[in-house]
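Numbering of the sequence shown is given in this note's numbering, commencing with residue 621 and proceeding in unit increments. Just so it is clear, CB atoms sit at the ideal spot from N, CA and C, and this is done for glycine as well.
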Amino acid sequence: MMLLSQAASAMNGRLLGADAQFLSVGTDSRKVSRSELFFALKGDHFDGHQYAEQALKQGAVAVVVSDETCEVRPAILVKDTLLALGELAKAWRSRFSVPVVAVTGSNGKTTIKEMIHAILNSKTGHPDAVHATVGNLNNHIGLPLTLLKMRKYHQYAVLEMGMNHLGEIDYLTRIAQPTVAVIGNAGTAHIGELGSRDNIAKAKGEIFAGLDHDGVAVINADDAYAEYWCGLNASRKIVTFGIEINADVSAQHVENNGLGIMSLSTP
């Protein structure tokens, strides 16, 4: 995958110990694989530094730590292990020139992600050609870990992005650097944290902050905030979709029979 020294440079960290190559990245000391770079993340009720030595015994090549008193070696010392995970994912993403599709929305984003995944799989004809978020691992830990699993044989990546506060999707999209960004809708999920649907729409619109200038914004024309999101992409190509309002791609003859059958009208 890469050398510890390269990872240290990407994370603005300091390598303590011998250089070596690692093949994967992990954060769960219970599932450490051989040749893994283990990140000692900290939370409200846990501290991965307590398992750093155990991770090495289980086969990890090195550990990423923020506690200067941690004496486990080899290690990469950083200021914040969570932010370092994001920086490493961003550096790894930059090695790939394949299309990257980012998906968000208050409801249905996992379904949209799976639909895109299936369509692209059908297009390539190879089941392993499309790299996609597993389940809903769509937050500040899950998305970097997903990106760090991208490999040379992947022709596309489809990434789900979730949030519960303003600024979170902005952070995720700048790591992922998508070439296509999709917003399904702005509902009332997380309204308790964000206070209003306007703020929810703003938070979802953050997905375009990391979208390439030549990228494509895909927007639900039926959503009340479609015009706002389109305004964020005045200089980009926009593709709209919907049912009620005239859109570039529209669903017709929708059958609610448990199978979700519909016809799509495209330009």
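Are at least three pairs of beta-carbons, each pair with one atom in the segment 865–878 and one in the segment 827–847, less than 8 Å apart? Under the Cβ criterion (8 Å, minimum of three pairs), the segment 865–878 counts as touching the segment 827–847.
The beta strand (DSSP E) spanning residue 724 covers which residue range? Counting along the chain, the beta strand (DSSP E) containing residue 724 begins and ends at 720–724.
Got a sec, what are the start and stop residues for the alpha helix (DSSP H) residue 812 sits in? That run of the alpha helix (DSSP H) goes 811–814.
Just verifying my parser: in three-state terms, what is the DSSP assignment at residue 790? Correct three-state label for residue 790: helix.
Opening and closing residue of the alpha helix (DSSP H) in which residue 737 lies: Annotation: the continuous alpha helix (DSSP H) that includes residue 737 extends over 729–744.
Looking at residue 741: is its Cβ nearer than 8 Å to the Cβ of residue 747? Yes, the pair counts as a contact, with Cβ atoms nearer than the cut-off.
Euclidean distance between Cα positions of residue 777 and residue 720: Rounded to whole angstroms, the gap between the alpha carbons of residue 777 and residue 720 is 5 Å.
Using only the alpha-carbon positions, how far apart do residue 729 and residue 820 sit? One alpha carbon belongs to residue 729, the other to residue 820, and they sit about 15 Å apart.
What residue does the beta strand (DSSP E) around residue 840 start on, and which one ends it? Run containing residue 840: 836–840, per the beta strand (DSSP E) assignment.
How far does the beta strand (DSSP E) with residue 857 in it extend, from its first residue to its last? That run of the beta strand (DSSP E) goes 857–862.
In this structure, does DSSP put residue 691 in helix, strand or coil? DSSP places residue 691 in coil when its eight states are reduced to three.
Nearest to residue 640 by CA position, among 726, 695 and 796, is which residue? Comparing C-alpha distances from residue 640 to each of 726, 695 and 796 shows the shortest one belongs to 695.
So, residue 793 versus residue 762, is the Cβ gap smaller than 8 Å? No. Outside cutoff.
How about residue 752 and residue 789: do their beta carbons lie closer than 8 Å? It is not a contact, given that the beta carbons lie outside the stated cut-off.
Excluding sequence positions up to five away, which residues of its chain have a Cβ less than 7 Å from the Cβ of residue 690? 669 and 672, listed in sequence order.
Residue 804 classed as buried or exposed, judged by whether at least 16 other C-beta atoms fall within 10 angstroms: Per the 10 Å Cβ criterion, buried.
Buried versus exposed, by CB contacts within 10 Å (16 or more), residue 675: It is buried - the Cβ of residue 675 has at least 16 other Cβ atoms within 10 Å.
Where does the unbroken beta strand (DSSP E) through residue 682 begin, and where does it stop? From DSSP, the beta strand (DSSP E) with residue 682 extends over 682–685.
For residue 727, does the count of other Cβ atoms within 10 angstroms reach 16, so buried, or fall short, so exposed? Exposed.
Beta strand (DSSP E) segment containing residue 634, residue limits: Taken as a continuous stretch (DSSP letters only), the beta strand (DSSP E) holding residue 634 covers 634–636.
Pull up the distance between the alpha-carbon of residue 787 and that of residue 796, whole angstroms please. Distance between the alpha carbons of residue 787 and residue 796 is about 15 Å.
Could you pull the start and end residues of the alpha helix (DSSP H) that residue 706 belongs to? Unbroken alpha helix (DSSP H) run through residue 706: 701–713.
Whole-angstrom distance between residue 886 and residue 626, CA atom to CA atom: Going by the C-alpha atoms only, they are around 45 Å apart.
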